[in-house]
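In what follows, a single structure is set out as structure tokens and then discussed.
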Amino acid sequence: MDQMTPPPSPQDSATTNTAAALEVCNLQMEFKVAAGRGHHSVKAVNGLSFQAAHGQVTALLGPNGAGKTTTLECAQGLLKPTGGSVRLLGENPWNAGPALRARAGVMLQDGGLPQSARPGEFLKHISSMYRRPADMQELMDTLGINSYLKTPLRRLSGGQKQRVALAAALAGDPEVVFLDEPSAGLDPQSRAVVFDLIAQLKQRGTAVVLTTHLLDDAQRLADHVVIVDRGTVRRSGTVAELIAGDDTTGVLRVGLTARQRDLWEEAPPSLTGAGPESGVQVEMHQEEVTVTGTFGPQLLEEITTWLATTGELPTSMTLQPRTLEDVFLAVAGREIR
Amino acid sequence: MNTSARSITTTANPRTAHPAPMWRRVISQTRYEALTMLRNGEQLLLLVILPVIALVALSRMDLLDSVLPAGASRLDYAVPGVLALSVISNAFSGQGIQTGFDRRYGVLRQLATTPLGRSGLIAGKLGAILLVLAAQTVLIGAVAWFMGWHPSASALLEAAPLLVLGAVAFTGLGLLAAGTMRAEATLAVVNLLWVLLAVVGGTLAPASALPEWLAPLIGLLPSAALADGLRHVMVPDDPGALLGPVVVLAAWAAIAWAATARWFRWS
Numbered sequence: 515m516d517q518m519t520p521p522p523s524p525q526d527s528a529t530t531n532t533a534a535a536l537e538v539c540n541l542q543m544e545f546k547v548a549a550g551r552g553h554h555s556v557k558a559v560n561g562l563s564f565q566a567a568h569g570q571v572t573a574l575l576g577p578n579g580a581g582k583t584t585t586l587e588c589a590q591g592l593l594k595p596t597g598g599s600v601r602l603l604g605e606n607p608w609n610a611g612p613a614l615r616a617r618a619g620v621m622l623q624d625g626g627l628p629q630s631a632r633p634g635e636f637l638k639h640i641s642s643m644y645r646r647p648a649d650m651q652e653l654m655d656t657l658g659i660n661s662y663l664k665t666p667l668r669r670l671s672g673g674q675k676q677r678v679a680l681a682a683a684l685a686g687d688p689e690v691v692f693l694d695e696p697s698a699g700l701d702p703q704s705r706a707v708v709f710d711l712i713a714q715l716k717q718r719g720t721a722v723v724l725t726t727h728l729l730d731d732a733q734r735l736a737d738h739v740v741i742v743d744r745g746t747v748r749r750s751g752t753v754a755e756l757i758a759g760d761d762t763t764g765v766l767r768v769g770l771t772a773r774q775r776d777l778w779e780e781a782p783p784s785l786t787g788a789g790p791e792s793g794v795q796v797e798m799h800q801e802e803v804t805v806t807g808t809f810g811p812q813l814l815e816e817i818t819t820w821l822a823t824t825g826e827l828p829t830s831m832t833l834q835p836r837t838l839e840d841v842f843l844a845v846a847g848r849e850i851r
Numbered sequence: 091m092n093t094s095a096r097s098i099t100t101t102a103n104p105r106t107a108h109p110a111p112m113w114r115r116v117i118s119q120t121r122y123e124a125l126t127m128l129r130n131g132e133q134l135l136l137l138v139i140l141p142v143i144a145l146v147a148l149s150r151m152d153l154l155d156s157v158l159p160a161g162a163s164r165l166d167y168a169v170p171g172v173l174a175l176s177v178i179s180n181a182f183s184g185q186g187i188q189t190g191f192d193r194r195y196g197v198l199r200q201l202a203t204t205p206l207g208r209s210g211l212i213a214g215k216l217g218a219i220l221l222v223l224a225a226q227t228v229l230i231g232a233v234a235w236f237m238g239w240h241p242s243a244s245a246l247l248e249a250a251p252l253l254v255l256g257a258v259a260f261t262g263l264g265l266l267a268a269g270t271m272r273a274e275a276t277l278a279v280v281n282l283l284w285v286l287l288a289v290v291g292g293t294l295a296p297a298s299a300l301p302e303w304l305a306p307l308i309g310l311l312p313s314a315a316l317a318d319g320l321r322h323v324m325v326p327d328d329p330g331a332l333l334g335p336v337v338v339l340a341a342w343a344a345i346a347w348a349a350t351a352r353w354f355r356w357s
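Protein chains in written order, with this note's numbering: chain A, 515 to 851; chain B, 91 to 357.
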């Protein structure tokens with residue numbers, strides 16, 4: 515984007531960006547909701563804490579209604595928390611002055627775009643609020659907005675609007691960017707472009723704070739994942755740390771022949787660590803045996819030895835590390851909210 | 091990378107984004123809001139076309155003949171009411187509807203996160219209303235002039251601050267509607283009130299032209315106060331007074347803005 519400022523090298527970031535870009539500490543947010551004749555309070559956020567660093571992508575991951583957007587709105591200064599504290603670039607974002615607002619870019623979940631405006635003029639207008647705005651021409655080029663600059667926003671598709679909203683968030687060349695579900699409604703091409711842009715922001719030392727419920731996005735983009743559920747942090751760390759976890763390391767799937775299935779049902783092999791009380795679960799689903807849990811090569815050997823006794827090759831055999839999705843479902847549960 | 095440049099970087103972050111100066115932010119918002127209003131077809135109908143139709147109708151028909159002061163023509167008497175109506179169209183209906191839909195689509199919140207902020211946004215809206223009002227006044231004045239209206243310079247000078255006070259009061263009322271109701275409800279309510287205020291709110295026709303029992307109540311409406319004030323300074327030999335309307339209008343402005351500050355919801 516702005517070619518004038520060279521991107522900070524990793525050493526620079528390590529030595530100069532000591533303070534966190536965003537610090538959320540024991541955040542509480544209670545809403546009054548009309549219920550019948552009276553009101554009752556709903557705690558959307560209940561004691562949530564996390565930090566976001568410069569030059570990193572921090573992803574808030576959680577099911578619908580987990581409190582992700584509310585947390586972002588407190589960090590953006592749009593909501594006044596009912597408890598706890600938020601420090602954005604060292605300052606309190608609630609009632610912050612224009613100087614702090616200039617340093618943070620915001621992409622709202624519902625877009626925040628006037629329906630009758632045209633993308634080109636709206637983005638130019640937003641960029642006029644900053645002393646040194648980003649190179650809007652280049653930004654619109656990168657995001658492919660140039661092809662619909664003069665089409666009223668109400669006639670654009672969800673993905674096209676989404677890209678305009680992203681450009682608006684980046685118009686001031688901010689130090690911190692908040693992206694509420696940046697990849698919602700994007701086609702694969704736009705998604706790739708948006709991901710590239712986020713990678714460039716990281717390179718420039720920008721702190722990117724995003725929410726998503728697309729686990730794939732979080733796994734690809736995030737340096738730091740914060741799993742939020744029921745208004746509080748359930749688990750956080752790098753993707754690798756979360757996947758390494760403590761209760762599951764992998765999933766082994768073995769497809770069996772008809773004869774092997776019969777043999778398995780008559781007398782299943784005894785596997786190290788398997789059993790109702792241990793961490794390893796063995797299940798037979800249709801034509802496949804699934805082994806989930808923390809297991810070592812020993813277990814693999816036991817299975818292949820058993821397969822050898824049957825005298826037949828299995829129809830398939832895969833060993834996969836567990837994904838962020840496995841972790842997420844383990845933490846947030848499987849029920850739909 | 092230049093090593094000497096790196097060594098002087100002592101702040102926590104290598105670059106700091108800055109806001110544009112306040113006057114530039116507000117002027118930019120004023121320009122943007124004004125263009126948005128003027129480009130919208132429905133808004134143009136409300137802002138200019140309906141007031142001009144009212145002007146032509148009132149000067150061609152005998153609706154107001156019973157209350158016409160001795161030295162005034164129909165046109166003399168119609169122009170101040172039509173200008174008051176254009177203030178209501180612009181500040182109350184126009185900006186009320188625009189703000190209501192901006193609120194619904196999250197535009198208010200988006201702009202509140204930029205350096206413009208909430209106060210800059212309101213300042214920009216007020217600026218746009220005054221800019222559009224100036225254009226409306228010139229246009230309506232020009233149409234009236236071609237129809238034979240020739241006001242004195244002093245009448246115009248005295249009318250200007252009243253128009254501004256009226257715009258401030260009706261902006262407060264428009265924002266109050268936009269910030270407390272759903273966008274569709276705002277649209278319906280301000281359009282209904284526009285019709286009621288125009289016809290029986292003392293705007294186009296003074297309270298004295300309406301049923302006697304209604305007159306004292308109508309005098310307390312902001313629409314009647316604005317139109318009566320304008321008629322007093324613009325119509326030769328108008329029997330009314332200026333102080334009463336100014337006090338009523340100022341009170342409406344104060345109440346509307348206080349209520350807006352208290353109850354306006356940004357989302």
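Cβ coordinates follow ideal geometry from the N, Cα and C atoms, glycine included.
{"Query": "Say whether chain B places a C-beta atom closer than 8 Å to the C-beta of Glu689/A.", "Result": "yes"}
{"Query": "Within the same chain, show all residues whose beta-carbon is closer than 7 Å to that of Val796/A, passing over the 5 residues directly before and after it, in chain order.", "Result": "Leu785, Ala788, Val803, Val805"}
{"Query": "Under 8 Å between the Cβ atoms of Ala273/B and Phe191/B?", "Result": "yes"}
{"Query": "Quick check: what's the CA-CA separation for Pro783/A versus Leu813/A?", "Result": "10 Å"}
{"Query": "Just to make sure I have the definition right: I need the residues of chain A whose C-beta is within less than 7 Å of the C-beta of Gly207/B. Which are they?", "Result": "Pro612, Arg615"}
{"Query": "Expressed to the nearest angstrom, what Euclidean distance is found between the alpha-carbon atoms of Ser830/A and Leu821/A?", "Result": "12 Å"}
{"Query": "CB-CB under 6 Å to Gly576/A, same chain, minus the five flanking residues each way: which ones, in chain order?", "Result": "Lys582, Val742, Asp743"}
{"Query": "Along the chain, where does the alpha helix (DSSP H) that runs through Asp737/A open and close?", "Result": "Neither: Asp737/A is in no alpha helix (DSSP H) and is coded neither H nor E."}
{"Query": "Verify the CB distance criterion: does Ile640/A have a CB-CB separation below 8 Å to chain B?", "Result": "yes"}
{"Query": "Given this structure, state the Cα-to-Cα distance separating Met127/B from Arg551/A, to the nearest angstrom.", "Result": "40 Å"}
{"Query": "Since I believe Leu724/A is in contact with Val571/A (beta carbons under 8 Å), could you give me their beta-carbon distance rounded to a whole number of angstroms?", "Result": "7 Å"}
{"Query": "Would you call Ile284/B buried or exposed, if buried means 16 or more other Cβ atoms sit within 10 Å of its Cβ?", "Result": "The question names Ile, but residue 284/B is Trp in the sequence shown. Classification of Trp284/B: buried, given that the 10 Å Cβ count is 16 or more."}
{"Query": "Which first and last residues belong to the beta strand (DSSP E) in which Met621/A is found?", "Result": "618-621"}
{"Query": "For Asp743/A, which beta-bridge partners are listed by DSSP?", "Result": "Thr746/A"}
{"Query": "Determine which residues share a DSSP beta bridge with Ser555/A and list them.", "Result": "Lys546/A"}
{"Query": "Quick one: list the residues of chain B neighbouring Ser630/A, beta-carbon separation under 7 Å, in chain order.", "Result": "Thr126, Asn130"}
{"Query": "Do the stretch 204-217 of chain B and the stretch 247-254 of chain B meet, that is, are 3 or more Cβ pairs less than 8 Å apart?", "Result": "no"}
{"Query": "Give every residue of the same chain whose Cβ lies closer than 7 Å to the Cβ of Asp694/A, excluding the five residues on either side of it in the sequence, and list them in chain order.", "Result": "Thr583, Leu586, Met621, Leu622, Gln623, Thr725"}
{"Query": "Along chain B, which residues have their Cβ under 7 Å away from the Cβ of Ala758/A?", "Result": "Per Cβ cutoff of 7 Å: no residues; Ala758/A is ~31 Å from chain B at best."}
{"Query": "Are the CB atoms of Leu541/A and Val595/A within a distance shorter than 8 Å?", "Result": "The amino acid occupying residue 595/A in the given sequence is Pro; Val does not appear at that position. Yes, the pair counts as a contact, with Cβ atoms nearer than the cut-off."}
{"Query": "Output needed in chain order: residues of the stretch 204-228 of chain B with a Cβ under 7 Å from some Cβ in chain A.", "Result": "Thr204, Pro205, Leu206, Gly207"}
{"Query": "With 16 other CB atoms within 10 Å as the buried threshold, where does Trp113/B fall?", "Result": "exposed"}
{"Query": "Quick check on Ala344/B: does DSSP put it in helix, strand or coil?", "Result": "helix"}
{"Query": "On the DSSP bridge assignment, give the partners of Cys539/A in chain order.", "Result": "Ser599/A"}
{"Query": "State the Cα-Cα distance for the pair Val740/A and Gly591/A, rounded to the nearest angstrom.", "Result": "20 Å"}
{"Query": "Is it the case that the Cβ atoms of Ala162/B and Val325/B are separated by a distance below 8 Å?", "Result": "yes"}
{"Query": "Under a three-way DSSP split, which group does Tyr195/B fall into?", "Result": "coil"}
{"Query": "Can you check whether the CB of Ala267/B is closer than 8 Å to the CB of Ala124/B?", "Result": "no"}
{"Query": "From which residue to which residue does the alpha helix (DSSP H) around Gly319/B run?", "Result": "312-324"}
{"Query": "So Leu158/B packs on Val222/B, CB below 8 Å; how close in whole Å?", "Result": "With a Cβ gap of about 30 Å, Leu158/B and Val222/B do not count as contacting."}
{"Query": "Using a Cβ cut-off of 9 Å, which residues of the stretch 170-187 of chain B contact any Cβ in chain A, in chain order?", "Result": "none"}
{"Query": "Do Phe545/A and Ser555/A have their C-beta atoms within less than 8 Å of each other?", "Result": "yes"}
{"Query": "Taking the alpha-carbon positions, what's the Met650/A to Lys664/A distance?", "Result": "15 Å"}
{"Query": "With 16 other CB atoms within 10 Å as the buried threshold, where does Ser183/B fall?", "Result": "buried"}
{"Query": "With DSSP collapsed to three states, give me the class of Gly807/A.", "Result": "strand"}
{"Query": "Flag this pair as touching only if the stretch 144-158 of chain B and the stretch 671-684 of chain A have three or more C-beta atom pairs under 8 Å; answer yes or no.", "Result": "no"}
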